[in-house]
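A.B. asks: The structure that follows is given in the form of structure tokens.
Number of protein chains: 2
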Amino acid sequence: MNSIFRRNNSESGDANKPTKPVTLYVIRLSPGCRVTWWYLIQTKIPYTLVDVDVITLDDKEEGTTEKKKLPEGCPPEGVPALVDGDILVFGVHSVLRYLSSRYCSYYAFGKTLPTRMRVESLIEWTENELHRVLGYRCVYPQISQKYRLPSNLASDQLVETGFKELAFLLEYLENKLLATGTSTSSVYLCDKELTVVDFFVATILMQAEWISFDLRLWPKLKSWLGSMKSQNGWDQVHKVHREFVQELKVLNEASL
Amino acid sequence: MNSIFRRNNSESGDANKPTKPVTLYVIRLSPGCRVTWWYLIQTKIPYTLVDVDVITLDDKEEGTTEKKKLPEGCPPEGVPALVDGDILVFGVHSVLRYLSSRYCSYYAFGKTLPTRMRVESLIEWTENELHRVLGYRCVYPQISQKYRLPSNLASDQLVETGFKELAFLLEYLENKLLATGTSTSSVYLCDKELTVVDFFVATILMQAEWISFDLRLWPKLKSWLGSMKSQNGWDQVHKVHREFVQELKVLNEASL
Numbered sequence: 030m031n032s033i034f035r036r037n038n039s040e041s042g043d044a045n046k047p048t049k050p051v052t053l054y055v056i057r058l059s060p061g062c063r064v065t066w067w068y069l070i071q072t073k074i075p076y077t078l079v080d081v082d083v084i085t086l087d088d089k090e091e092g093t094t095e096k097k098k099l100p101e102g103c104p105p106e107g108v109p110a111l112v113d114g115d116i117l118v119f120g121v122h123s124v125l126r127y128l129s130s131r132y133c134s135y136y137a138f139g140k141t142l143p144t145r146m147r148v149e150s151l152i153e154w155t156e157n158e159l160h161r162v163l164g165y166r167c168v169y170p171q172i173s174q175k176y177r178l179p180s181n182l183a184s185d186q187l188v189e190t191g192f193k194e195l196a197f198l199l200e201y202l203e204n205k206l207l208a209t210g211t212s213t214s215s216v217y218l219c220d221k222e223l224t225v226v227d228f229f230v231a232t233i234l235m236q237a238e239w240i241s242f243d244l245r246l247w248p249k250l251k252s253w254l255g256s257m258k259s260q261n262g263w264d265q266v267h268k269v270h271r272e273f274v275q276e277l278k279v280l281n282e283a284s285l
Numbered sequence: 030m031n032s033i034f035r036r037n038n039s040e041s042g043d044a045n046k047p048t049k050p051v052t053l054y055v056i057r058l059s060p061g062c063r064v065t066w067w068y069l070i071q072t073k074i075p076y077t078l079v080d081v082d083v084i085t086l087d088d089k090e091e092g093t094t095e096k097k098k099l100p101e102g103c104p105p106e107g108v109p110a111l112v113d114g115d116i117l118v119f120g121v122h123s124v125l126r127y128l129s130s131r132y133c134s135y136y137a138f139g140k141t142l143p144t145r146m147r148v149e150s151l152i153e154w155t156e157n158e159l160h161r162v163l164g165y166r167c168v169y170p171q172i173s174q175k176y177r178l179p180s181n182l183a184s185d186q187l188v189e190t191g192f193k194e195l196a197f198l199l200e201y202l203e204n205k206l207l208a209t210g211t212s213t214s215s216v217y218l219c220d221k222e223l224t225v226v227d228f229f230v231a232t233i234l235m236q237a238e239w240i241s242f243d244l245r246l247w248p249k250l251k252s253w254l255g256s257m258k259s260q261n262g263w264d265q266v267h268k269v270h271r272e273f274v275q276e277l278k279v280l281n282e283a284s285l
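Quick mapping for you: the protein sequence lines, in order, are chains U and S.
If you're matching positions, the first sequence starts at 30 in my numbering and goes up one per residue.
If you're matching positions, the second sequence starts at 30 in my numbering and goes up one per residue.
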């Protein structure tokens, strides 16, 4: 019988754990890296964390910290990357899928096959659409020279049109994915229970804090994000994010 | 035993086929849609194809063809989408993963677990990096108003900087992924045999034909792409692409 029909074990303490800790290569400010790290914490899979890069505030600061190399075989921008014995997996979707199917019976992927396929599909959508628009169009060009276009006019247009696309995607999250419940405390994006999609979308929305973007126009989403912040493991994986937001705040105040 | 350890069946004629044809919703000009369609042809899984949209040459032509709706539950831009009984899957990675694990023993995903994980990881990289840069930065802004920025200057800068990123990615394909072989006829991107990554990367590189971009600076890649065009199923899934390239050529000649 194919494994996608196997019963889901909602307990994260599955017996089938690796004999040696897996190694996860991350950039702690990357939302995809944070969600894979969170998944290792939740499922109690033993792991070692390796930082491969530091996102700096501007290009002048680049090179001030030593960059640890990604494992041989990773492509450019190939984080998160997971090494488990002779197996290398990279990319948030692939790493989550590998861990979920190998070690923890699809923990937080939903209990039925239709739900699990919906979770997998929405992981892909979150990475391709939501992160592409919120990250690469709206937030990163305002923070890092690397993501800007050569002229300020072009960069501004990239960001402005990005926000129009973002509003469309936030409407979808607010009015389609969060529309079913009445009490926000029990509403999740894919299922009646928390799934990895909730945590992934939340880590991406957190990037909006870098530019002080407020979700008040999307009240269900704002409330849901608030409840996500109380999840076990949230504080641990967001420590560097919080420090970065504070650093940006100080810089902004200094430039006033 | 977990399914990711199951023996790979290199024959596409696996007995475990759906009782009713699956339905694949596609945009035929989308490379991700083409690769999932090709996978159904290769694996002989019975299917029905539904066209959901037509990419037009400019915004004025929009609305002239009836758009068939995506199934309920799909997000914006949620193609390819696959319906199989009560199961809905969307996104190229998710659809390929679903079909491969459910119906054809990971056909064209590699024969060992390390290879399969590499194939999955590179599917994700291809969608996130290669398509984002080649499609959304270099090609689509030159073809469709939808992907342009408000001013010509900004659009030009988007494309110009996109080409710098693209050259970096093509170097990676040429000098890392295609570096191992001496005879191009037997070289593939992930494995000694053809995998879905070869077909996916090839469909994306084909988008470059829309802007007459030539791969002559990357000879191994150009030769490999030539060999991909002789694959079974290639002509069928690229019919609308070829017509579109011809249409663009006529338009360009008329504007000279």
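Glycine is no exception: its CB is placed at the ideal position from the N, C-alpha and C atoms.
Here the structure is a predicted model, which is why all the values come from computation and not from measurement.
1. Go through the segment 175-262 of chain U residue by residue and report every complete run of the alpha helix (DSSP H) that reaches 4 residues or more, in order.
2. Have a look at threonine 211 of chain U and lysine 249 of chain U and give me their C-alpha separation to the nearest angstrom.
3. Provide the residue span of the beta strand (DSSP E) that contains tyrosine 288 of chain S, from first to last.
4. To the nearest angstrom, how far is it from the Cα of leucine 28 of chain U to the Cα of tyrosine 54 of chain U?
5. Which bits of chain U does isoleucine 116 of chain S rub up against, with CB to CB less than 7 Å?
6. Return yes when the Cβ of phenylalanine 242 of chain U is within less than 8 Å of the Cβ of tryptophan 67 of chain U, no when it is not.
7. Run through the DSSP bridge pairs and tell me what isoleucine 116 of chain S is partnered with.
8. Leucine 182 of chain U touches chain S at which residues, Cβ-Cβ below 8 Å?
9. Which partner residues does threonine 52 of chain S have in the DSSP bridge list?
10. Any beta carbon of chain S sitting closer than 8 Å to that of glutamine 236 of chain U?
11. From this set, S:Val108, S:Pro104, S:Ser252, which residue's C-alpha is nearest phenylalanine 197 of chain U's C-alpha?
12. Taking the alpha helix (DSSP H) that tyrosine 127 of chain S falls in, what are its first and last residues?
13. Would you check if the distance between the CB atom of valine 124 of chain S and the CB atom of serine 59 of chain S is smaller than 8 Å?
14. Taking only beta-carbon atoms, is glycine 139 of chain U less than 8 Å away from chain S?
15. For aspartate 87 of chain U, would you say it is in contact with chain S, using Cβ-to-Cβ distances shorter than 8 Å as the test?
16. Are there any heavy atoms of the ligand ATP lying less than 7 Å away from the beta-carbon of glycine 262 of chain U, as far as the coordinates show?
17. Under the three-state reduction of DSSP, which class applies to proline 105 of chain S: helix, strand or coil?
18. If you draw a straight line from the C-alpha of isoleucine 56 of chain U to the C-alpha of valine 274 of chain U, how long is it?
19. Taking 8 Å as the CB-CB cut-off, is glycine 164 of chain S touching chain U?
20. Tell me whether histidine 267 of chain S sits in a helix, a strand or coil according to DSSP, three-state version.
21. What did DSSP end up calling glycine 164 of chain S once you bin it into helix, strand or coil?
22. If I'm right that valine 26 of chain U touches phenylalanine 138 of chain U with Cβ under 8 Å, what's the distance once you round it to whole angstroms?
23. Please name the residue, chosen from S:Leu202, S:Leu246, S:Ile240, that lies closest to valine 279 of chain S on a Cα-to-Cα basis.
24. At which residues does the alpha helix (DSSP H) containing leucine 15 of chain U begin and terminate?
25. By the DSSP assignment, the alpha helix (DSSP H) with tyrosine 135 of chain S in it spans what residues?
26. Apply the 10 Å Cβ neighbour rule to threonine 77 of chain S and answer buried if 16 or more other Cβ atoms are within range, or exposed otherwise.
27. Can you name, in chain order, every residue of its own chain whose Cβ lies under 7 Å from the Cβ of tyrosine 217 of chain S, other than the five neighbours on each side?
28. If you follow the alpha helix (DSSP H) that threonine 72 of chain S is in, where does it begin and where does it stop?
29. Is there a Cβ from chain U that is less than 8 Å from the Cβ of glutamine 332 of chain S?
30. Can you tell me whether proline 143 of chain S is helix, strand or coil according to DSSP?
31. Would you call the segment 69-76 of chain S in contact with the segment 158-165 of chain S, where contact means no fewer than 3 C-beta pairs closer than 8 Å?
32. Where does leucine 195 of chain S land, buried or exposed, given buried means 16+ other C-beta within 10 angstroms?
33. Per DSSP, what kind of secondary structure is lysine 97 of chain U in: helix, strand or coil?
34. Taking all protein chains shown into account, decide if glutamine 174 of chain S is buried (16 or more other Cβ within 10 angstroms of its Cβ) or exposed.
35. Spatial neighbours of leucine 117 of chain S within its chain, please: C-beta separation below 8 Å, excluding the five flanking residues on both sides.
36. Who are the Cβ neighbours of glutamate 153 of chain S in its own chain at under 7 Å, not counting the five residues just before and after it?
C.D. replies: For this structure:
1. 181-201, 225-235, 248-257
2. Confidence is the limiting factor: at threonine 211 of chain U the pLDDT is only 49, short of 50, which leaves the residue's position unreliable, though a coordinate-based value still follows. Roughly 10 Å separates the two Cα atoms.
3. Within the shown structure, residues of chain S are numbered from 30 to 285, placing residue 288 of chain S beyond reach of any answer.
4. There is no way to answer for residue 28 of chain U, as the model of chain U reaches only from 30 to 285.
5. Leu142, Pro143, Met146
6. no
7. S:Asp113
8. Ser180, Leu182, Ala183
9. S:Thr77, S:Val112
10. no
11. S:Pro104
12. 121-132
13. no
14. no
15. At aspartate 87 of chain U, the pLDDT of 49 sits below 50, so the modelled position is not reliable; the number obtained from the coordinates is stated separately. Aspartate 87 of chain U does not count as touching chain S.
16. Among the components of this structure there are no ligands whatsoever, and the ligand ATP is therefore not found.
17. coil
18. So the two alpha carbons sit approximately 16 Å from each other.
19. With its beta carbon at least 8 Å from every one in chain U, glycine 164 of chain S lies outside the interface.
20. coil
21. In this structure, DSSP gives glycine 164 of chain S a helical state, which the three-state scheme calls helix.
22. Here chain U covers residues 30 to 285 and nothing more, so residue 26 of chain U does not appear.
23. S:Ile240
24. Outside the displayed range of chain U (30 to 285) lies residue 15 of chain U, so it cannot be described from this structure.
25. That residue, tyrosine 135 of chain S, is in no alpha helix (DSSP H); it is neither H nor E in DSSP.
26. exposed
27. Leu223, Thr224, Asp227
28. 60-72
29. The requested residue 332 of chain S is not part of the displayed model; chain S covers only 30 to 285.
30. helix
31. no
32. buried
33. Coil at lysine 97 of chain U, not helix or strand.
34. exposed
35. Cβ within range, chain order: Pro100, Gly102, Cys103, Ala110, Leu111.
36. Closer than 7 Å at the Cβ level, and outside the excluded window around glutamate 153 of chain S, lie His122.
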